[in-house]
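A.B. asks: Here the protein sequences line up with chains A and V, keeping their order. For the first sequence, the working numbering gives the first residue as 30, with consecutive numbering after it. For the second sequence, the working numbering gives the first residue as 1056, with consecutive numbering after it. One structure coming up, written as structure tokens, with questions to follow.
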Amino acid sequence: MRPFTVAGMTEAKGTVAGVTEADAAAGAGVGAGPLVQLEGVNKHFGHLHVLRDVDLAVARGEVVVVIGPSGSGKSTLCRAINRLETIDSGRIVFDGQPLPAEGRSLARLRADVGMVFQSFNLFAHRTILQNVTLGPIKVRKEKPAEARERAMSLLERVGIASQADKYPAQLSGGQQQRAAIARALAMRPKAMLFDEPTSALDPEMVGEVLDVMTALAGEGMTMIVVTHEMGFARHAANRVVFMADGQLVEQAGPEEFFANPRSDRAKDFLSKILTH
Amino acid sequence: MGDFFGVLTNGNNGRVFLDGFTNTVELFVIAALCSLTLGMLLGAMRVSPVPTLRAFGAGYVNIVRNTPLTLVFAFLIFAVPKLGLNINPFPSACVALTVYTAAFVCEVVRSGINTVPTGQGEAARALGMTFGQVLGLIVLPQAVRSMVPPLMSVLIAMLKNTTIAAGFSVLEAGAIQDYMSERGEPRFGVLLWVTIGFLILILPLVAFQRYLERKWAVAR
Ligand SMILES: Nc1ncnc2c1ncn2[C@@H]1O[C@H](COP(=O)(O)OP(=O)(O)OP(=O)(O)O)[C@@H](O)[C@H]1O
Ligand SMILES: [Mg+2]
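The following block contains the structure:
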């Protein structure tokens, strides 16, 4: 059963656009300079050099799409930004502060960075509503009633308010991923990381998730998105970053990147994905 | 047959059985609560982000699990008083059972934690939860279901291990048979009654396990 219709999706898109403006405005302009900055970041898995001297700065409100062949280090890059993966050398600065090593200050930083995983990772023993309220209540110490109210409006925005009392396993992939986005947004993050959010979805559910992400981008959320969805990259990204073998090989605006890729690696990669 | 029931009814034999099993139950309940608590703590240490805690947890398990329980008892009941600490056999037995059983509980907890997909903990950390919150709110609630059967095995083993305390002058159920044979009761009959006693004690544990398994089978 696929309960989602085109009408449902447009509704989701419309409502998302309405509500976050205040959040986005509050997030913007807190400090000057890039929101996320990586300088000379290196990372090894054993002998494998997964990130090689990576430099990347992401401005407030910018949407950066990271593409590249499998195994090039895109997930590792994404995960390093909220320190789910530690780095060997270099510096990562978020909102003017170098990433803390461990403990409460790291937890505080992570609360400000939303993360959406390829496999959703909704808490399996909690309802959708509880998934969304848990962070605000336990981490942000919000009052349960307030958190619940805000969670319901977020679920409304992503179009799954009617699923609030179900458990994750009872939802379709597309619904689960939209719930996961709502869960991340409930923390009022300053930036959102997406690691291949649509790769685990059946094709007909990709659109409903991308719609939510496109709306979020339109509202000024700072986003780093690892994806193979070239359509999303074209119309929602400010910049496309191409990674290969742990290096940022080239970066440009989406039109320019897709029209005139400069490096051979990028040309090769694009010819492979575009011929399918 | 009269002999068999006589084991329980002759003189104050009933009293001896009752006292013995009461001590066994007390020993069991105290050591079970303490070893579950200590084992949980050790299990948390083994998965904590702090390397020294992880090393301590691993060291504890490896040393204690490979030491025979009688040696743990002997150490606490004979060696510790030599250090000038004067403790009674009963609390010593509680401590010995706790120290020993906690190592097994720790391993059950750790393997239970490992059954929960890593993505669950990662998502929780990504929300900004502390280590304690990740474990207490997300990982352990999903791990307990797979922990119940092996935990019950550990507890049942501990219930039977309480009889080792008999060798260290704690009058519990394991001591009944020596006591009775001094009174000339048939050894075989006494042993049977002690066994029946233990079976009766184990039944509620098995029922409790069933209850927990059924309760957690539905939620999810
Ligand atoms: N925990 C790990 N331990 C060891 N090697 C790892 C680990 N995680 C990733 N790797 C390796 O590091 C390299 C980069 O991995 P990463 O997941 O960042 O690539 P990716 O660009 O996201 O690829 P994909 O498109 O397949 O998701 C790969 O070769 C991968 O096998
Ligand atoms: Mg990846």
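Cβ coordinates follow ideal geometry from the N, Cα and C atoms, glycine included.
At a Cβ threshold of 9 Å, is A:D141 touching chain V?
C.D. replies: Counted from its first residue, the first sequence places residue 141 of chain A at position 112. So, interface residue.
A.B. asks: On the premise that A:E258 lies in contact with A:T227, defined as a C-beta separation below 8 Å, what is that separation, rounded to the nearest angstrom?
C.D. replies: Here residue 227 of chain A refers to the residue found at position 198 of the first sequence. Here residue 258 of chain A refers to the residue found at position 229 of the first sequence. That belief holds up - the Cβ atoms of A:T227 and A:E258 are roughly 6 Å apart, short of 8 Å.
A.B. asks: Indicate whether the contact test is met: 3 or more Cβ pairs, each with one atom in the region 1172–1184 of chain V and one in the region 1119–1130 of chain V, closer than 8 Å.
C.D. replies: No, the region 1172–1184 of chain V is not in contact with the region 1119–1130 of chain V.
A.B. asks: Bridge partners for A:R268 per DSSP, in chain order?
C.D. replies: Locating residue 268 of chain A in the first sequence gives position 239, counting from the first residue. In DSSP, A:R268 forms a bridge with A:V93.
A.B. asks: Would V:F1128 pass as a contact of V:F1223 if the rule is Cβ separation under 9 Å?
C.D. replies: Within the second sequence, residue 1128 of chain V is the residue found at index 73, counting from 1. Within the second sequence, residue 1223 of chain V is the residue found at index 168, counting from 1. In this structure, V:F1223 lies closer than 9 Å to V:F1128 by Cβ.
A.B. asks: Chain D beta carbons: is any one of them nearer than 9 Å to that of V:I1231?
C.D. replies: Checking the listed chains, one finds no chain D in this structure; the protein chains it contains are A and V.
A.B. asks: If I measure Cβ to Cβ from V:L1108 and keep anything under 7 Å in the same chain, skipping five residues before and after, which residues do I get?
C.D. replies: On the second sequence, position 53 is the one that residue 1108 of chain V refers to. Taken in chain order, the residues that qualify are M1100.
A.B. asks: Enumerate in chain order the residues of its own chain whose CB-to-CB distance from V:Y1234 is below 7 Å, with the five nearest sequence positions on each side excluded.
C.D. replies: Along the second sequence, read from residue 1 onward, the residue named residue 1234 of chain V stands at position 179. V1071.
A.B. asks: Considering only residues of the same chain and omitting the five flanking positions on each side of V:A1086, which have a CB-CB separation below 6 Å?
C.D. replies: Within the second sequence, residue 1086 of chain V is the residue found at index 31, counting from 1. Hits under 6 Å: C1149, L1152, T1153.
A.B. asks: Check the DSSP bridge columns for A:E279 and list the partner residues they point to.
C.D. replies: Along the first sequence, one-based indexing puts residue 279 of chain A at 250. A:E279 pairs with A:F271.
A.B. asks: Given that a residue counts as buried once 16 or more other Cβ atoms are within 10 Å of its Cβ, and exposed if not, what is V:T1009?
C.D. replies: This structure does not reach residue 1009 of chain V, given that chain V is present from 1056 up to 1275, and the question cannot be answered.
A.B. asks: Checking 9 Å against the spacing of the C-beta atoms, do A:R120 and A:E114 come in under that value?
C.D. replies: Here residue 120 of chain A is taken as the residue at index 91 of the first sequence, counted from 1. Here residue 114 of chain A is taken as the residue at index 85 of the first sequence, counted from 1. Their beta carbons are not under 9 Å apart, which means A:R120 does not touch A:E114 by this criterion.
A.B. asks: Does DSSP put A:N71 in a helix, a strand or coil?
C.D. replies: Taking the first residue of the first sequence as 1, we reach residue 71 of chain A at position 42. Strand, per DSSP.
A.B. asks: If you measure between the beta carbons of A:G97 and A:F286, is that distance less than 9 Å?
C.D. replies: Within the first sequence, residue 97 of chain A is the residue found at index 68, counting from 1. Within the first sequence, residue 286 of chain A is the residue found at index 257, counting from 1. No.
A.B. asks: If A:A193 sits next to A:I157, beta carbons under 8 Å apart, how far is it from one beta carbon to the other, in whole angstroms?
C.D. replies: Counted from its first residue, the first sequence places residue 193 of chain A at position 164. Counted from its first residue, the first sequence places residue 157 of chain A at position 128. Confirmed, about 5 Å.
A.B. asks: From the DSSP output, read off the bridge partner residues of A:F223.
C.D. replies: Reading the first sequence from its first residue, position 194 is the one you call residue 223 of chain A. A:V145, A:V254, per the DSSP bridge assignment.
A.B. asks: For V:R1180, go through chain A and note every residue whose CB falls closer than 7 Å to its CB, in chain order.
C.D. replies: Along the second sequence, one-based indexing puts residue 1180 of chain V at 125. L113, R139, listed in chain order.
A.B. asks: Answer yes or no: do A:A266 and A:V93 have a C-beta to C-beta separation smaller than 9 Å?
C.D. replies: Numbered from 1 along the first sequence, position 237 holds the residue referred to as residue 266 of chain A. Numbered from 1 along the first sequence, position 64 holds the residue referred to as residue 93 of chain A. In this structure, A:V93 lies closer than 9 Å to A:A266 by Cβ.
A.B. asks: DSSP state of V:R1242, grouped into three classes?
C.D. replies: By one-based count along the second sequence, residue 1242 of chain V stands at place 187. V:R1242: helix per DSSP, three-state reduction.
A.B. asks: Examine ligand 1 and report whether any of its heavy atoms sits within less than 8 Å of the Cβ of A:M272.
C.D. replies: In the first sequence, the residue the question calls residue 272 of chain A occupies position 243. Answer for A:M272: yes, Cβ within range of ligand 1.
A.B. asks: For the region 106–176 of chain A, list the beta strand (DSSP E) runs that are entirely contained and at least 3 residues long, ordered along the chain.
C.D. replies: Counting whole runs of 3 or more residues, the region 106–176 of chain A contains the beta strand (DSSP E) stretches 118–123, 142–145.
A.B. asks: So with Cβ pairs under 9 Å, would you call V:L1108 a contact of chain A?
C.D. replies: By 1-based counting over the second sequence, the position of residue 1108 of chain V is 53. False, the Cβ-Cβ gap to chain A never drops below 9 Å.
A.B. asks: Just to be sure I understand the criterion: a residue counts if its Cβ is closer than 5 Å to at least one heavy atom of ligand 3. Which residues meet that?
C.D. replies: The ligand content of the structure shown is limited to ligand 1 and ligand 2, which means ligand 3 is not among them.
A.B. asks: Within its chain, find whatever has a CB closer than 7 Å to the CB of V:G1069; leave out the 5 residues flanking it on each side and keep chain order.
C.D. replies: Reading the second sequence from its first residue, position 14 is the one you call residue 1069 of chain V. Result list for V:G1069: L1063, in chain order.
A.B. asks: In chain order, what residues of the same chain have a beta carbon less than 6 Å from the beta carbon of V:C1161, not counting five sequence neighbours either side?
C.D. replies: Translated into the one-based positions of the second sequence, residue 1161 of chain V becomes position 106. For V:C1161, where only same-chain residues beyond five positions count, the Cβ hits under 6 Å are G1094, L1097, G1098, V1116.
A.B. asks: Could you name the residues of the same chain whose beta carbon sits closer than 8 Å to that of A:A208, not counting the 5 residues immediately before and after it, in chain order?
C.D. replies: Sequence index remark: in the first sequence, residue 208 of chain A carries index 179 (1-based). The answer, listed in chain order, is F149, L151, I157, N160, V161, L184, V187, I189, Q192, P197, L200.
A.B. asks: List, in order along the chain, the chain A residues whose C-beta lies closer than 7 Å to that of V:T1218?
C.D. replies: In the second sequence, the residue the question calls residue 1218 of chain V occupies position 163. Within 7 Å Cβ-Cβ: nothing; V:T1218 doesn't reach chain A, min ~39 Å.
A.B. asks: Cβ of A:M216 less than 9 Å from any chain V Cβ?
C.D. replies: Residue 216 of chain A sits at position 187 when you count from the first residue of the first sequence. True, the Cβ-Cβ gap to chain V drops below 9 Å.
A.B. asks: So does A:D194 have its beta carbon nearer than 8 Å to some heavy atom of ligand 2?
C.D. replies: On the first sequence, residue 194 of chain A is found 165 positions in, with the first residue counted as 1. Outside the cutoff, so no.
A.B. asks: Taking the beta strand (DSSP E) that A:R81 belongs to, which residues open and close that run?
C.D. replies: The count along the first sequence starts at 1 and reaches residue 81 of chain A at position 52. Where A:R81 is concerned, the enclosing beta strand (DSSP E) stretches over 77–87.
A.B. asks: How about V:Q1264: is its C-beta nearer than 9 Å to some C-beta of chain A?
C.D. replies: Counting from 1 along the second sequence, the entry for residue 1264 of chain V is found at position 209. No, because no Cβ of chain A sits closer than 9 Å to the Cβ of V:Q1264.
A.B. asks: Since V:L1260 meets chain A, which of its residues come closer than 9 Å, beta carbon to beta carbon?
C.D. replies: In the second sequence, residue 1260 of chain V corresponds to position 205, counting from 1. Under the 9 Å cutoff, chain A gives no residues; its nearest Cβ is about 25 Å from V:L1260.
A.B. asks: Leaving out the 5 sequence neighbours to the left and right, which residues in its chain are closer than 7 Å to A:R263 when beta-carbon positions are compared?
C.D. replies: Your numbering for residue 263 of chain A matches position 234 in the first sequence. Cβ within range, chain order: P283, F287.
A.B. asks: Run through DSSP, which three-state label would A:V65 get?
C.D. replies: The residue you call residue 65 of chain A lines up with position 36 of the first sequence. Looking at A:V65 - three-state DSSP - the assignment turns out to be strand.
A.B. asks: When you compare only the Cα positions, how much space is there between A:L303 and A:M221?
C.D. replies: Here residue 303 of chain A refers to the residue found at position 274 of the first sequence. Here residue 221 of chain A refers to the residue found at position 192 of the first sequence. In a straight line, the C-alpha of A:L303 is about 27 Å away from that of A:M221.
A.B. asks: In the structure shown, what three-state DSSP assignment does V:N1216 receive?
C.D. replies: Your numbering for residue 1216 of chain V matches position 161 in the second sequence. Reduced to three states, the DSSP call for V:N1216 is helix.
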